[in-house]
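Novice: Counting with full-length UniProt numbering, you get residues 4 to 483 for the letters of the sequence shown.
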Amino acid sequence: AAANIGVVGLAVMGSNLARNLASREGNTVAVYNRSRTKTDELVQAHPEAGFVPAFSYEEFAASLSKPRTAIIMVKAGGPTDAVIDELVKVFEPGDIIVDGGNAYFPDTIRREKAVRETGINFVGAGISGGEEGALNGPSIMPGGSDESWVTLGPILKSIAAVADDGEPCVTHIGHDGAGHFVKMVHNGIEYADMQLIAEAYDLIRRGTGRTPAEIADIFAEWNTGELESYLIEITAEVLRQVDAETGKPLVDVILDQAGAKGTGAWTVQTALSLGVPVSGIAEATFARSLSSHPEQREVARVLPGPGTEFQVDDADGFVEDVRQALFASKIIAYSQGFDEIRAGAAEYNWTIDLGAVSKIWRAGCIIRAQFLNRIADAYAEQPELPVLATAPYFADALTRGQAAWRRVVIAATQAGIPSPAFSSSLAYYDGLRADRLPAALVQGQRDFFGAHTYKRIDKEGTFHTLWSGDRTEIEAEDTH
Ligand code: NDP
4 AAANIGVVGL
14 AVMGSNLARN
24 LASREGNTVA
34 VYNRSRTKTD
44 ELVQAHPEAG
54 FVPAFSYEEF
64 AASLSKPRTA
74 IIMVKAGGPT
84 DAVIDELVKV
94 FEPGDIIVDG
104 GNAYFPDTIR
114 REKAVRETGI
124 NFVGAGISGG
134 EEGALNGPSI
144 MPGGSDESWV
154 TLGPILKSIA
164 AVADDGEPCV
174 THIGHDGAGH
184 FVKMVHNGIE
194 YADMQLIAEA
204 YDLIRRGTGR
214 TPAEIADIFA
224 EWNTGELESY
234 LIEITAEVLR
244 QVDAETGKPL
254 VDVILDQAGA
264 KGTGAWTVQT
274 ALSLGVPVSG
284 IAEATFARSL
294 SSHPEQREVA
304 RVLPGPGTEF
314 QVDDADGFVE
324 DVRQALFASK
334 IIAYSQGFDE
344 IRAGAAEYNW
354 TIDLGAVSKI
364 WRAGCIIRAQ
374 FLNRIADAYA
384 EQPELPVLAT
394 APYFADALTR
404 GQAAWRRVVI
414 AATQAGIPSP
424 AFSSSLAYYD
434 GLRADRLPAA
444 LVQGQRDFFG
454 AHTYKRIDKE
464 GTFHTLWSGD
474 RTEIEAEDTH
């Protein structure tokens, strides 16, 4: 038993994570892959890593010191179950199986329950940062038992990304599926952030006629202020890229149909069942779907638009308005995402420290940004904060930015430029801060056709109007 940690699955993520582990003081890493070639290749390419290769699950288990700890990095879904089944046969009570793949959190809850019966610990850990993160330091979101965290914590801390203040980007999120749940919402927020940036680019380009290279400079400039983030930084890089074949900006030759691997959809589906309005994430996910229906977009070209050229008078002023609209919408998207985590924690009995979540997203992951320090501050100040957007720093930004935000949404609407994430975030903001909502009328309608009853603003109780009778009001059983 020479190794203190093992990795199963040596495709790009697994081999990079294994190399990251091996590069840390005190780690000896056992490696196993279903097909032998990947193992041989990895071991040969990286003699400096001192890997302990295994060619069967028995050999893999025998090479690990106890409690055995193994991280699975295989294709999510069936393959993960297949590997867990094999590991359970050769591991013993007290050992730890970590799934570092992109599992859907209900699967993690199911697997944790099943594996726990054998006395083995199962930890679903969300890992963000892609291949580069896996190699140099990802943001890690582990679930699982407190017992497993004792062994696993130091190992994960040694390989995680490190924030500016020196803190590693990993924390024990909560039990069973909590880690994969938080990773899912991270990805949902990533969808919203990307869509908002894309809308900002589109509006600036169409409203001011700036070229992609000029807009790259604008984003690079924004990256020195409150919007500073990895996504803004790479946006500038993408916009600056020139296609070698045509000499055009690369963004102009890329097909405008956005792909998705499903984590945005999971975030939205989960939010719908939890009753949490994550409209920014939902609009971002739907915007990708809309873009990916060329057959519909082709026939819909005949539908009329406003029919005027979109040209703003004050280009610099408009760019600044868009910046403020982007920041305001971003605050709303994050506020909604953290709402979903809180609601998920309540539903699944997890104790999740929202401030700690924002801190481990500060480095290593795709949504890394200075901004996350502000979220951490907000939850440090008020751990039970009901609406993140109302924390002083964010409320100030919304107060400063809301006029610009409205101007941008108006301009986009008048010009016929789709800005679903900007406008839905603004609608959410106005809905949330409204004194009264037309939900009262919806309750009236529900009572009319379904006797669903309503409550009154002026007295306790549940009421129903006899709509098909004499239209008097009666006290009723509460049927919602
Ligand atoms: P893949 O998702 O492409 O999976 C390939 C690996 O799975 C290979 O090692 C393959 O073994 C193994 N595998 C497939 N089926 C089985 C099976 N039935 N039994 C045993 N092993 C099997 O690899 P990636 O490295 O791209 O991703 C690994 C995990 O990490 C995935 O869950 C993915 O979603 C996640 N991921 C996360 C990213 C992030 O940014 N966090 C980015 C990319 C991926 P073999 O060589 O024998 O075929």
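Virtual Cβ for every residue (Gly too), placed ideally from N, Cα, C.
(1) Would you list, in sequence order, the uninterrupted beta strand (DSSP E) runs of no fewer than 3 residues that lie entirely inside the segment 440-474?
(2) A394 by DSSP, collapsed to three states: which one?
(3) So for I143, helix, strand or coil by DSSP?
(4) Does the beta-carbon distance from G308 to P141 come in below 7 angstroms?
(5) Would you decide whether D324 is buried or exposed? Buried here means 16 or more other CB atoms lie within 10 Å of its CB.
(6) Which whole runs of the beta strand (DSSP E) in the segment 55-126 are 3 residues long or more, in chain order?
(7) When we look at the beta-carbon of V360 and count the other beta-carbons within 10 Å, is it buried (16 or more) or exposed?
(8) Check whether the Cβ of P423 lies closer than 6 angstroms to any heavy atom of the ligand NDP, and answer yes or no.
(9) On the three-pair Cβ rule with 8 angstroms, is the segment 167-185 touching the segment 102-115?
(10) Quick check on the DSSP output: what are the complete beta strand (DSSP E) runs of length 3 or more inside the segment 311-362, in order along the chain?
(11) Where does the unbroken alpha helix (DSSP H) through E150 begin, and where does it stop?
(12) For K362, count neighbouring C-beta atoms within 10 Å of its own C-beta (all shown protein chains included) and say buried if the count is 16 or more, exposed if not.
(13) Is any non-hydrogen atom of the ligand NAD found closer than 6 angstroms to the C-beta of A79, if you look at the structure I gave you?
(14) Any heavy atom of the ligand NDP closer than 6 angstroms to the CB of V86?
(15) Do you know offhand how far A287's Cα is from G262's?
(16) Is V411 helix, strand or coil when you go by DSSP?
(17) Just the Cα atoms here: how many angstroms apart are D461 and T468?
(18) If we ignore side chains and look at the alpha-carbon of each, how far apart do P395 and A381 end up?
(19) Can at least three beta-carbon pairs, one atom from the segment 330-347 and one from the segment 383-392, be found at a separation below 8 angstroms?
(20) Looking only at C-alpha atoms, which of A479, S68, I284 and M187 sits nearest to E463?
(21) Say whether the segment 222-235 touches the segment 450-458, bearing in mind that this needs 3 or more beta-carbon pairs closer than 8 angstroms, one atom from each stretch.
(22) Beta-carbon separation of P70 and T174 under 7 angstroms?
(23) Determine whether the beta carbon atoms of D246 and V254 lie at a separation below 7 angstroms.
(24) For my contact list, T42 and L20 are in at a C-beta cut-off of 8 angstroms; report their separation, rounded to the angstrom.
(25) Just to confirm the assignment, what range does the beta strand (DSSP E) spanning V11 have?
(26) S38: beta carbon under 6 angstroms from a heavy atom of the ligand NDP?
(27) Would R439 be called buried (16 or more neighbouring beta carbons within 10 Å of its own) or exposed?
(28) Can you tell me where the beta strand (DSSP E) holding V245 begins and where it ends?
(29) Using a Cβ distance threshold of 8 angstroms, determine whether the segment 193-212 contacts the segment 287-304, with at least three qualifying pairs required.
(30) How is S276 classed by DSSP in three states: helix, strand or coil?
(31) When you compare only the Cα positions, how much space is there between K264 and G133?
(32) Pop quiz: A415 and S422 are said to be a contact at Cβ under 8 angstroms. What is the actual Cβ separation, rounded to whole angstroms?
(33) Return the Cβ separation of A318 and G404 in integer angstroms, given the expectation that the two are a contact with Cβ distance under 8 angstroms.
(34) Hey, could you find the ends of the beta strand (DSSP E) V32 is sitting in?
Specialist: Per the coordinate set shown:
(1) 466-468
(2) coil
(3) strand
(4) no
(5) buried
(6) 72-75 and 99-102
(7) buried
(8) no
(9) yes
(10) none
(11) D149 to I162
(12) buried
(13) Looking at this structure, you won't find the ligand NAD anywhere; what it does contain is the ligand NDP.
(14) yes
(15) 12 angstroms
(16) helix
(17) 16 angstroms
(18) 8 angstroms
(19) yes
(20) A479
(21) no
(22) no
(23) no
(24) Not confirmed; about 14 angstroms, so no contact.
(25) I8 to V11
(26) yes
(27) exposed
(28) Counting along the chain, V245 falls outside any beta strand (DSSP E), and DSSP gives it neither H nor E.
(29) yes
(30) helix
(31) 13 angstroms
(32) 4 angstroms
(33) In fact, because the Cβ distance is near 19 angstroms, the residues do not count as touching under 8 angstroms.
(34) V32 to Y35
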